[in-house]
Each structure stands twice: as C-alpha cells, then as structure tokens.
C-alpha cells in the first residue's frame, strides 16, 4: 500500500512539474531546459490531424523527414488517390468478407495486425498478403 502511494505521488509530482515547466516556457517564450515541454506535449499527441476539404493530413513529423526512413503518410497532393487501411486486432468474422470485397473490386489495401492475430488467424493473414495488395 505504501509503495502504491509513493508511486502515485511521484506520478502526480512529475505531471505537475511538466505542467509548471510548460506554463513558464509559455510565459517566457523560451525553453526551460534542453528537452523543453514541447517534447512532452508532442509525445502525448501521436496522431495525424488537419483533415478538411482538399487538404492532406499533417503529422508531428513532416513527410520529408519521414522519407529518410522510407515511411510515408501522404502522397502527391495533385493525385486523387485513396489508401484503404484496416486495423485487424482480432477476428470477429468481418475479415474474410472484407477480403472478398477487395478482391472482387480489385482494390488493394493494407492491413495492420497484432502479434496474436498471426497465430489465431494465419489463413486470413496469408490472404491479406496475397490479395490485399
């Protein structure tokens, strides 16, 4: 019980220190330390944003920065392309019909799977690789 109380106190003290550092940086306009609280805020916001009509999504890292790692999340803004992606965390009976529809319409897609899915649904994973594009 005492250890849990100490860990909770340390957590809230760290969050409080980060909050105060962020407020001090905002007030002074300069980073307090070499890391800066902007990195703390960035680490808590990992998603893409900037969705709207005729716009591409924006991310924390620029598309140019990600190119050096062969990673991409946007293409040429002049091309009209839709990328189909699916998160397959567990099999609930929908994956095979999705694969059937993609195959029927010659639509390639990307599937994101978790480790246990490779073991629990290996036949579907093979179909994703062979048919998904």
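Numbering (the numbering used here), first residue to last: 649 to 781.
Cβ atoms here follow ideal geometry from the backbone N, Cα and C, with glycine treated the same way.
For the 8 Å CB-CB criterion, residue 772 and residue 739 form a contact.
Sequence-distant partners of residue 650 (beyond 5 residues in either direction) whose C-beta falls short of 7 Å from its own C-beta are missing from its chain. Counting the other CB atoms within 10 Å of its CB gives residue 758 a total below 16, which places it among the exposed residues. Distance check between residue 705 and each of 731, 716, 718 places 731 closest, using alpha-carbon atoms only. Judged by beta-carbon spacing, residue 736 lies beyond the 8 Å limit of residue 721, meaning their Cβ atoms are not closer than that value. Shown here, residue 722 sits in coil according to DSSP, grouped into three states, outside any helix or strand.
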